[in-house]
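Student: Heads up: the protein sequence lines correspond to chains U and Y, in order. Sequential numbering from 1 applies to the first sequence in my numbering. Sequential numbering from 1 applies to the second sequence in my numbering. Glycine included, each C-beta is placed from N, C-alpha and C at the ideal position. Computed from a predicted model, the values in this text were never measured in an experiment. Following this message is one structure expressed as structure tokens.
2 protein chains.
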Amino acid sequence: MSLLAIGTLGYDDVETIHTQRKALLGGSATHFAVAAAPYSPVRLVSVVGQDWRAEDSALLTERGVDMTGVEHAAGKTFRWGGRYEANWNKRHTTFTELNVLETFQPKLPESFRDSRFVFLANAHPAVQMAGLAQVSSPRFVMVDTMNLWIDIARADLDALLKKVDGVILNDEEATQLTGEPNLIHAARAVLDLGPRYVILKKGEHGAFIMGQDVHFSLPAYPVTEVIDPTGAGDSFAGGFMGHLARAGEASASNLRRAMLHGTVTASFCVEGFSVEGLTGRGLDDYQARYDELRQIVSI
Amino acid sequence: MSLLAIGTLGYDDVETIHTQRKALLGGSATHFAVAAAPYSPVRLVSVVGQDWRAEDSALLTERGVDMTGVEHAAGKTFRWGGRYEANWNKRHTTFTELNVLETFQPKLPESFRDSRFVFLANAHPAVQMAGLAQVSSPRFVMVDTMNLWIDIARADLDALLKKVDGVILNDEEATQLTGEPNLIHAARAVLDLGPRYVILKKGEHGAFIMGQDVHFSLPAYPVTEVIDPTGAGDSFAGGFMGHLARAGEASASNLRRAMLHGTVTASFCVEGFSVEGLTGRGLDDYQARYDELRQIVSI
Chain U
1 MSLLAIGTLG
11 YDDVETIHTQ
21 RKALLGGSAT
31 HFAVAAAPYS
41 PVRLVSVVGQ
51 DWRAEDSALL
61 TERGVDMTGV
71 EHAAGKTFRW
81 GGRYEANWNK
91 RHTTFTELNV
101 LETFQPKLPE
111 SFRDSRFVFL
121 ANAHPAVQMA
131 GLAQVSSPRF
141 VMVDTMNLWI
151 DIARADLDAL
161 LKKVDGVILN
171 DEEATQLTGE
181 PNLIHAARAV
191 LDLGPRYVIL
201 KKGEHGAFIM
211 GQDVHFSLPA
221 YPVTEVIDPT
231 GAGDSFAGGF
241 MGHLARAGEA
251 SASNLRRAML
261 HGTVTASFCV
271 EGFSVEGLTG
281 RGLDDYQARY
291 DELRQIVSI
Chain Y
1 MSLLAIGTLG
11 YDDVETIHTQ
21 RKALLGGSAT
31 HFAVAAAPYS
41 PVRLVSVVGQ
51 DWRAEDSALL
61 TERGVDMTGV
71 EHAAGKTFRW
81 GGRYEANWNK
91 RHTTFTELNV
101 LETFQPKLPE
111 SFRDSRFVFL
121 ANAHPAVQMA
131 GLAQVSSPRF
141 VMVDTMNLWI
151 DIARADLDAL
161 LKKVDGVILN
171 DEEATQLTGE
181 PNLIHAARAV
191 LDLGPRYVIL
201 KKGEHGAFIM
211 GQDVHFSLPA
221 YPVTEVIDPT
231 GAGDSFAGGF
241 MGHLARAGEA
251 SASNLRRAML
261 HGTVTASFCV
271 EGFSVEGLTG
281 RGLDDYQARY
291 DELRQIVSI
């Protein structure tokens with residue numbers, strides 16, 4: 001079933017303790033779409049600048065991403081730089097250049113408006129709301145956010161959380177949003193804000209989903225060599241939403257399975273820079289690792 | 001089936017951000033035995049001093065712990081003090097008084113020598129080895145250790161690891177023992193040292209077991225109010241070994257279930273000071289939380 005993503009396309013400079021890479025294909029929508037596309041073709045709404053590389057559009061198109069909704073604007077593409085410490089737990093943002101993203105307002109092509117599964121990648125919640133408003137009858141809407149919007153756009157975020165089915169947060173964001181240091185209390189408090197489901201990501205320690213008909217917790221896939229964690233969260237969302245769109249409905253059992261699929265796509269993501277850990281992988285690779293993970297967590 | 005524990009009985013001073021408690025019943029063997037006894041009666045080998053309280057022997061005996069192997073020596077009982085930071089992740093040892101433990105050599109009563117399931121709680125590996133040598137035909141031996149012994153008694157520890165079935169380590173100990181920061185690599189390197197199974201504990205982030213016929217990973221039980229984490233690791237070992245002793249054999253499926261039972265007993269442990277979170281709980285409570293945890297991790 002149709003899967004829409006509204007988010008960022010950009011170029012990343014990434015520095016790990018081993019190496020440095022510049023102008024890597026990045027952005028929330030990139031990681032989401034590359035992760036999700038093998039499950040279900042992705043309709044992408046975003047904006048790029050004049051420095052956007054045609055080869056990156058080609059990569060996404062070949063993966064099964066419909067780029068009709070990507071606006072080409074005057075100016076430069078969004079750019080971000082990050083540096084990781086040895087154990088990956090600490091990431092330092094070295095720079096953020098919004099560029100064409102600064103004035104971006106999502107405009108859905110007519111052909112995208114009937115999308116049923118929708119991912120609103122991290123953006124100002126008013127922008128996310130404006131994008132969502134153009135979808136005629138969404139079946140399952142997932143939203144991502146970040147500490148900045150919790151700080152400076154809380155009212156817009158609160159309004160949005162009442163309109164979505166699920167929200168995906170990391171542990172720090174959940175605590176910041178609710179004031180609850182205990183993640184179970186935090187998850188319950190997030191549900192009180194409106195969404196039917198909350199996914200709480202704990203990085204290398206896994207993730208859990210909580211909602212009225214589901215409480216499911218999962219360790220991370222045991223990756224033995226992390227190359228670059230950038231995009232792991234959006235890749236998780238891609239696997240999660242990709243599976244739901246493919247399954248066609250967000251039943252409790254599909255949500256549990258979607259958590260495994262998200263864990264699988266995130267694990268591929270961190271095994272390479274940019275989307276390099278994902279692009280060589282198709283549905284068979286996803287399924288093989290899903291089966292392996294399922295074995296590891298089955299009693 | 002018979003379950004033997006060789007370890008420490010002691011008194012703990014514990015300080016959390018909320019409160020301070022002094023001379024609490026503690027020690028590795030205490031937590032292990034109180035956690036395990038509802039599954040299977042525990043035979044305990046340890047030493048106490050002249051300040052040992054009769055009421056603490058009574059508590060253990062009532063729980064189903066055979067205290068025949070507890071030596072009463074001249075001098076004071078082992079004492080330990082610890083202080084926790086707000087998020088529980090950091091523990092500071094404020095003092096350690098070995099007292100009667102300093103010269104302790106385990107002496108198994110004749111009636112304990114036929115024990116089939118054996119837990120060697122944290123001690124000098126030569127002392128652990130001396131205890132194990134008195135067991136005639138153990139079926140499954142689990143050993144715990146700590147950073148100190150990895151540092152100063154590595155040869156004794158290496159010799160012991162070749163004699164046991166399983167070793168239980170936290171993430172830092174596993175990395176220290178093997179030089180591997182990645183926990184999957186570390187676990188494999190531990191197996192190369194001799195034991196058939198390694199359990200790697202990650203505190204609030206769960207645990208996994210790895211061995212030739214099993215690789216199983218489990219998140220922690222979602223405890224909403226931690227009171228005192230002291231003894232959580234030994235309580236985990238108690239639930240784990242208690243289940244195995246009750247089941248009678250360490251099959252791959254029993255090992256997986258044992259991981260859940262260990263998670264359950266550890267979760268009860270942290271909900272109270274000393275063994276207060278466990279003593280009010282029987283097999284029905286254990287089973288109810290096991291069922292709940294199983295539900296949370298089932299796909």
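Using the C-alpha atoms, what's the distance from Phe273/Y back to Val214/Y?
Tutor: For the purposes of this step, residue 214/Y is taken as the residue at position 214 of the second sequence. For the purposes of this step, residue 273/Y is taken as the residue at position 273 of the second sequence. Those two C-alpha atoms are separated by around 34 Å.
Student: Going by alpha carbons, who is nearest to Tyr197/Y out of Glu204/Y, Phe208/Y, Gly203/Y?
Tutor: Start at 1 with the first residue of the second sequence, and residue 197/Y comes out as number 197. For Tyr197/Y, the nearest C-alpha among the options comes from Phe208/Y.
Student: Quick one: which chain Y residues come within Cβ less than 9 Å of Gly206/U?
Tutor: Here residue 206/U corresponds to residue number 206 of the first sequence, with the count starting at 1. Per Cβ cutoff of 9 Å: His205, Gly206, Ser217, Pro219.
Student: Taking the beta carbon of Asn147/Y as the centre, do at least 16 other beta carbons fall within 10 Å, making it buried, or is it exposed?
Tutor: In the second sequence, the residue the question calls residue 147/Y occupies position 147. It is exposed - the Cβ of Asn147/Y has fewer than 16 other Cβ atoms within 10 Å.
Student: Since His31/Y and Ser235/Y are thought to touch, with beta carbons under 8 Å apart, how far apart are those beta carbons, to the nearest angstrom?
Tutor: For the purposes of this step, residue 31/Y is taken as residue 31 along the second sequence, with counting starting at 1. For the purposes of this step, residue 235/Y is taken as residue 235 along the second sequence, with counting starting at 1. Indeed they touch by this definition, with Cβ atoms about 5 Å apart.
Student: Rounded to the nearest angstrom, how far is the Cβ of Arg257/Y from that of His243/Y, given a contact under 8 Å?
Tutor: Indexing the second sequence from 1 puts residue 257/Y at position 257. Indexing the second sequence from 1 puts residue 243/Y at position 243. About 6 Å; that satisfies the 8 Å criterion.
Student: Hey, how far is the Cα of Ala74/U from the Cα of Val100/U?
Tutor: Taking the first sequence and counting its residues from 1, one reaches residue 74/U at position 74. Taking the first sequence and counting its residues from 1, one reaches residue 100/U at position 100. Between Ala74/U and Val100/U, the C-alpha separation is close to 7 Å.
Student: Could you check if Ala252/Y belongs to the surroundings of the ligand GDP, using beta carbon to heavy atom distance under 8 Å?
Tutor: Here there are no bound small molecules, and the ligand GDP is not part of this structure.
Student: With a Cβ-Cβ cutoff of 9 Å, do Ala29/U and Leu9/U count as a contact?
Tutor: Here the question's residue 29/U lines up with position 29 in the first sequence. Here the question's residue 9/U lines up with position 9 in the first sequence. A contact, by the Cβ cut-off of 9 Å.
Student: Does the beta-carbon distance from Asp158/U to Leu200/U come in below 9 Å?
Tutor: Counted from its first residue, the first sequence places residue 158/U at position 158. Counted from its first residue, the first sequence places residue 200/U at position 200. Contact: no.
Student: So which of Lys162/Y, Lys90/Y, His124/Y, Gln287/Y has the shortest CA-CA distance to Ile152/Y?
Tutor: As a position in the second sequence, residue 152/Y is number 152, starting the count at 1. Per the Cα distances, His124/Y.
Student: For Leu183/U and chain B, any beta-carbon pair shorter than 9 Å?
Tutor: In the displayed structure, chain B is absent; the protein chains listed are U and Y.
Student: Taking Cβ positions only, does Ile296/U come closer than 9 Å to chain Y?
Tutor: The count along the first sequence starts at 1 and reaches residue 296/U at position 296. By this cut-off, Ile296/U is an interface position.
Student: Out of curiosity, what's the CA-to-CA distance linking Pro219/Y and Lys76/U?
Tutor: For the purposes of this step, residue 219/Y is identified with residue 219 of the second sequence, where counting begins at 1. For the purposes of this step, residue 76/U is identified with residue 76 of the first sequence, where counting begins at 1. So the alpha carbons of these two residues sit roughly 43 Å apart.
Student: Which chain U residues sit within Cβ distance under 7 Å of Arg256/Y?
Tutor: Reading the second sequence from its first residue, position 256 is the one you call residue 256/Y. Correct list: Ile299.
Student: Gln20/U by DSSP, collapsed to three states: which one?
Tutor: Working through the first sequence from its first residue, we reach residue 20/U at position 20. The answer is strand: DSSP assigns Gln20/U an E or B state.
Student: Would DSSP call Ala37/U helix, strand or coil?
Tutor: Residue numbering aside, residue 37/U sits at position 37 when the first sequence is read from its first letter. Note: Ala37/U maps to coil in three-state DSSP.
Student: For Tyr84/Y and Glu204/U, what's the separation of their Cα atoms in angstroms?
Tutor: Against the second sequence, residue 84/Y aligns to sequence position 84. Against the first sequence, residue 204/U aligns to sequence position 204. Roughly 24 Å separates the two Cα atoms.
Student: Would Gly69/U be called buried (16 or more neighbouring beta carbons within 10 Å of its own) or exposed?
Tutor: Along the first sequence, read from residue 1 onward, the residue named residue 69/U stands at position 69. Label assigned to Gly69/U: buried.
Student: Which one of Gly26/Y, Thr16/Y, Thr224/Y, Ile6/Y has the shortest CA to CA distance from Glu180/U?
Tutor: Here residue 180/U refers to the residue found at position 180 of the first sequence. Comparing Cα positions, the closest option is Thr224/Y.
Student: Using only CA atoms, which one of Val226/U, Thr263/U, Arg43/U, Ala155/U lies nearest to Ala245/U?
Tutor: Your numbering for residue 245/U matches position 245 in the first sequence. It is Arg43/U.
Student: Drop a sphere of 10 angstroms on the beta-carbon of Phe268/Y, count the other beta-carbons inside from all chains shown, and report buried for 16 or more, exposed for fewer.
Tutor: As a first step, residue 268/Y is located in the second sequence; it is residue number 268 there, counting from the start. The residue in question, Phe268/Y, is buried, as its Cβ has 16 or more Cβ neighbours within 10 Å.
Student: May I ask you to report which of helix, strand or coil DSSP gives Asp13/Y?
Tutor: Counting from 1 along the second sequence, the entry for residue 13/Y is found at position 13. Correct three-state label for Asp13/Y: strand.
Student: For Arg79/Y and Val14/Y, I'd like the C-alpha separation in whole angstroms.
Tutor: Indexing the second sequence from 1 puts residue 79/Y at position 79. Indexing the second sequence from 1 puts residue 14/Y at position 14. The straight-line gap from Cα to Cα measures roughly 11 Å.
Student: Could you check the C-alpha separation between Phe117/U and Thr265/U for me, to the nearest Å?
Tutor: For the purposes of this step, residue 117/U is taken as residue 117 along the first sequence, with counting starting at 1. For the purposes of this step, residue 265/U is taken as residue 265 along the first sequence, with counting starting at 1. Looking at the two C-alpha atoms, the distance is approximately 18 Å.
Student: Would you mind telling me which residues of chain Y sit closer than 8 Å to Thr224/U, beta carbon to beta carbon, in chain order?
Tutor: Counted from its first residue, the first sequence places residue 224/U at position 224. Those are Asn182, Ile184, His185, listed as they occur along chain Y.
Student: Provide the residue span of the beta strand (DSSP E) that contains Met210/Y, from first to last.
Tutor: Stepping through the second sequence from its first residue, residue 210/Y is reached at position 210. Run containing Met210/Y: 207-211, per the beta strand (DSSP E) assignment.
Student: Considering Cα atoms alone, identify which of Gln50/U, Met1/U, Asn87/U is closest to Thr16/U.
Tutor: Translated into positions along the first sequence, residue 16/U becomes position 16. Of the listed residues, the one whose Cα sits closest to Thr16/U is Asn87/U.
Student: Return the CA-CA distance between Leu278/U and Asp56/Y, expressed in angstroms with no decimal places.
Tutor: The count along the first sequence starts at 1 and reaches residue 278/U at position 278. The count along the second sequence starts at 1 and reaches residue 56/Y at position 56. Spanning the two alpha carbons is a distance of roughly 58 Å.
Student: For a contact meaning CB atoms closer than 9 Å, what does Leu260/Y contact in chain U?
Tutor: Position 260 of the second sequence holds residue 260/Y. The answer, in chain order, is Ile299.
Student: As an exercise, report each continuous beta strand (DSSP E) stretch of at least 3 residues that is fully enclosed by the region 110-144 of chain Y, in chain order.
Tutor: Counting only runs of 3 or more, we get 117-120, 140-144.
Student: DSSP three-state label for Trp149/Y, please.
Tutor: The count along the second sequence starts at 1 and reaches residue 149/Y at position 149. DSSP places Trp149/Y in helix when its eight states are reduced to three.
Student: Along chain U, in chain order, which residues have C-beta atoms closer than 8 Å to that of Lys202/Y?
Tutor: Numbered from 1 along the second sequence, position 202 holds the residue referred to as residue 202/Y. Chain U residues near Lys202/Y: His205.
Student: Asp66/U bridges to which residues according to DSSP?
Tutor: Mapped onto the first sequence, residue 66/U falls at position 66. Arg43/U, per the DSSP bridge assignment.
Student: Just list the beta strand (DSSP E) runs in the region 67-112 of chain U, keeping only unbroken ones of 3 residues or longer that don't cross its boundaries, in chain order.
Tutor: Entirely contained in the region 67-112 of chain U, the beta strand (DSSP E) runs reaching 3 residues are, in chain order, 78-84, 91-97.
Student: Considering only residues of the same chain and omitting the five flanking positions on each side of Leu161/U, which have a CB-CB separation below 7 Å?
Tutor: Residue 161/U sits at position 161 when you count from the first residue of the first sequence. The residues are Val167, Leu193, Gly194, Pro195.
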